[in-house]
Structure formats: C-alpha cells, structure tokens
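S.K.: Structure incoming, see below.
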Amino acid sequence: MTGPREIHDLAKYKDFHIHHVTYKVISGHPLDLSILIPKSLVRNGKLSEKSPLITEFHGGFLVGGHRIFSPWFSDWLVELTLSKNAIVVTPDYRLLPEANGHDILSDLASFWEWLPKNLESKLAEYYPENNIRPDFDRILATGSSAGGWMVSQSIFLHPEINIKAAIMSYPMIDLRDRYWSENYQKPIFGLPNIPFTIVEEHLKNSPPNSIVTVDGDIEEISELKRLPLAISMVQNGKYIDFLGRETELYPFENLVKAERVPPFVWVFHGKQDSAVPISGSEKFVAELRRCRPDVLVRFDAKDGDHGFEADDEVTITEGWVKEGVDQLLEYW
C-alpha cells in the first residue's frame with residue numbers, strides 16, 4: 005500500500021477485458037469481484053489449453069482501498085499476467101472498522117467457495133466462442149500489505165484450494181507485535197500521529213450495522229478517504245480492538261496447524277517500511293522455514309518504504325524480481 009498521493013488510473017488495465025461480478029450478498033449489500041481477462045487470450049480464438057489463475061487481494065490495512073485500485077496493482081504483476089495469459093480474479097471484502105476480522109475471514113471463505121463453482125461458467129457466458137477455462141491446479145495467490153494477510157489466511161485456512169504458489173508483498177503478518185496494539189509515535193508515510201478522534205467521529209456518524217467494501221468509486225478515485233482512519237487506528241494502538249483477538253485471525257497461529265502450504269512462497273519487503281515493519285516478514289519467513297522445511301521460501305529485503313516496488317515501477321525483467329519469477333514458474 006503506497007501513500008495517499010497516488011491517483012487511480014484505469015489505463016493500467018488497457019490490455020484486459022474486465023468483468024465485475026457479485027460473489028456474495030450480505031443484508032442486501034453486494035460484495036463484488038473483478039475478473040481480468042487478457043485481450044490477447046480472447047484474440048487467440050478457440051483455446052485448447054486451460055489458463056493459469058491469479059487471485060489478487062488488495063491492501064489498505066483491511067480498512068481502505070478496493071479490488072482494482074491501480075497504484076496497488078504492481079506493474080510487474082501486470083506483466084507477469086500478460087506474459088502467461090493468466091486470468092486474474094480480485095475480490096473486495098468487508099472493511100474495518102465497520103466490520104471485524106471474522107467478517108473478513110467469512111468473505112474470504114465465500115470467495116474461495118465461489119471461485120471453483122462459478123468462474124468457469126462465467127467465462128463461458130462471457131466468451132462462448134473461445135473456450136476460456138481456468139486451471140484450478142495452477143493457482144497463484146498474491147497480495148500486498150493487508151492483501152498479504154489475506155494470502156496467508158488463504159493458504160493456511162483453505163487447504164481445499166490447490167494453491168500452487170503464493171506471493172506476499174510487505175505483508176501485515178505479525179499482528180501480535182506491539183506495533184499493532186500499543187500507542188507510541190509511528191511516522192507512517194512520514195505523518196505524525198493522527199488523533200483517534202477521527203475514528204470515533206467516523207463511527208459516530210456511520211449508520212448502525214453499515215457495511216463498507218470499497219474506498220471511493222470503483223472507476224475513479226482521486227484520494228483514499230479511509231487511509232487516515234487506518235493510520236490513526238495503527239498509530240494509536242487500536243488496530244487489534246477492531247480486528248479481534250481470536251487465534252484464527254493471526255497467521256502465525258494458523259501456520260503451525262495448517263494442513264498444507266504451497267510448495268513455493270515468496271515474500272518481499274522494504275527495509276525502511278514505515279507502515280508495516282519488516283521485522284514481521286523476517287519473523288514469518290523464519291517460522292515458515294522452521295515449520296515447513298519442504299516449502300521453498302524466497303525472501304527479498306530491499307531498500308524502500310511501503311509499496312517500494314510499485315513506486316519504483318519494477319518490472320519482471322529486473323534483477324531480484326526476474327530471479328523470483330523464474331523460481332515461481334518452476335511451481336506455477
């Protein structure tokens with residue numbers, strides 16, 4: 005998740021056809037996902053082979069953002085998708101502070117239930133002449149920041165899904181760390197601590213039982229209005245109050261009892277990350293290697309703040325990313 009200066013630009017998806025689908029309805033409120041189909045895949049005519057599948061989970065501290073907010077969909081991931089003619093499915097989910105962590109896990113479970121049951125029929129509906137079929141034996145789960153939390157929860161809590169590889173970018177993973185539950189100076193994106201009163205006022209002015217799944221308009225957004233809420237919750241040590249404290253919400257606890265883990269897991273993180281401490285990724289990688297020595301775990305610690313590879317417009321032909329992609333393609 006990068007800073008608030010970013011502006012949504014749908015031109016990033018110019019090489020895709022995008023379809024929006026409701027995968028769940030809660031109290032009349034739709035939860036939507038987007039399916040991104042490379043235009044080259046459609047131009048290829050009738051296909052004989054299935055297409056690999058990428059599930060992308062957006063960041064935003066589980067408080068803001070939305071499923072196709074372009075600054076958080078990294079250039080290198082767009083390149084990878086197009087180079088492999090992969091299908092991308094990216095869902096929204098309920099957001100804090102109106103929701104809690106169990107609500108989000110419920111949405112995650114609903115997403116993984118919807119995907120194998122409905123995706124192929126949706127593609128047949130959209131492209132009856134092309135025979136575009138997803139390969140559910142070639143699923144790559146990706147996510148940055150809070151999306152990394154969603155990926156970890158996917159691979160640990162949903163062994164029924166045959167996820168072949170996972171990529172977690174600067175993930176929110178070590179949520180038992182004092183960073184998330186104690187109040188002290190945390191200059192996230194260089195900002196001084198934001199008073200917690202903005203969260204209190206927000207909740208006071210929100211309708212009872214309100215459901216929020218997107219931060220702004222899905223087609224056009226000039227600023228992330230909920231980002232200050234997220235930063236205030238973290239800076240003031242209130243984040244866990246909204247997420248919850250039950251074991252199921254914490255990836256480290258889920259790791260030790262997971263039935264299966266994908267054979268390849270790639271984690272990368274900026275050394276100067278001001279939003280999500282790199283120490284969480286370092287600790288997670290060490291624990292994953294200890295618990296699952298059969299899994300190839302790649303870890304890249306690079307200079308930069310939160311969202312560094314998106315800011316620097318890193319591509320799949322560049323150094324450490326190329327090395328990581330080459331490893332990834334041995335498994336996915």
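One point on numbering: in the working numbering, the residue at position 45 of the sequence shown is 49, and numbering is uninterrupted.
Idealized CB from N, CA, C, for every residue including glycine.
Can you tell which of ILE39, ALA262, TYR131 has the C-alpha that lies nearest to the C-alpha of GLU164?
M.R.: ALA262
S.K.: Are LEU40 and PHE20 close, meaning C-beta to C-beta below 8 Å?
M.R.: Going by C-beta atoms, LEU40 is nearer than 8 Å to PHE20.
S.K.: If I follow the unbroken beta strand (DSSP E) through TRP270, where does it start and stop?
M.R.: 268-274
S.K.: Would DSSP call THR347 helix, strand or coil?
M.R.: The structure shown does not extend to residue 347, since the chain spans only 5 to 336, so no value can be given for it.
S.K.: Would you list the residues sitting across from VAL93 in a DSSP beta bridge?
M.R.: BP columns for VAL93 point to ILE39, THR59.
S.K.: Using the beta-carbon count (16 or more within 10 Å), is LYS275 buried or exposed?
M.R.: exposed
S.K.: Roughly how many whole angstroms lie between the Cα atoms of GLU317 and GLY311?
M.R.: 10 Å
S.K.: Below 8 Å on the Cβ atoms is my contact criterion, and I expect ILE58 with VAL92 to pass it. Report the Cβ-Cβ distance as a whole number of Å.
M.R.: About 5 Å separates the two Cβ atoms, so the contact holds.
S.K.: Quick test of the definition: if touching needs 3 or more C-beta pairs under 8 Å, does the segment 100-115 touch the segment 145-162?
M.R.: yes
S.K.: Enumerate in chain order the residues of its own chain whose CB-to-CB distance from LEU14 is below 6 Å, with the five nearest sequence positions on each side excluded.
M.R.: Excluding positions up to five away in sequence, the list is empty.
S.K.: Can you give the Cα-Cα distance for THR321 and SER78, rounded to whole angstroms?
M.R.: 14 Å
S.K.: Just curious, the alpha helix (DSSP H) that LEU144 is in, first and last residue?
M.R.: Per DSSP, LEU144 belongs to no alpha helix (DSSP H); it is in the beta strand (DSSP E), 138-148.
S.K.: Nearest CA to the CA of TRP116: which residue from PHE256, ARG249, LYS28, TYR188?
M.R.: LYS28
S.K.: Beta-carbon within less than 7 Å of CYS295's beta-carbon, same chain only, minus the 5 sequence neighbours each way: which residues are those?
M.R.: LEU259, VAL260
S.K.: For VAL318, does the three-state DSSP call read helix, strand or coil?
M.R.: coil
S.K.: Give the DSSP bridge partners of HIS23, in chain order.
M.R.: ILE39
S.K.: Over what stretch of residues does the alpha helix (DSSP H) that includes ILE237 continue unbroken?
M.R.: A quick correction: the sequence has Met, not Ile, at residue 237. In the DSSP assignment, MET237 falls within the alpha helix (DSSP H) that extends over 231-239.
S.K.: Could you tell me the boundaries of the beta strand (DSSP E) in which ILE165 lies?
M.R.: No beta strand (DSSP E) contains ILE165, which DSSP labels as neither H nor E.
S.K.: For GLY194, is the classification buried or exposed, using 16 other Cβ atoms within 10 angstroms of its Cβ as the cut-off for buried?
M.R.: Taking all protein chains shown into account, GLY194 has fewer than 16 neighbouring C-beta atoms within 10 Å of its C-beta and is therefore exposed.
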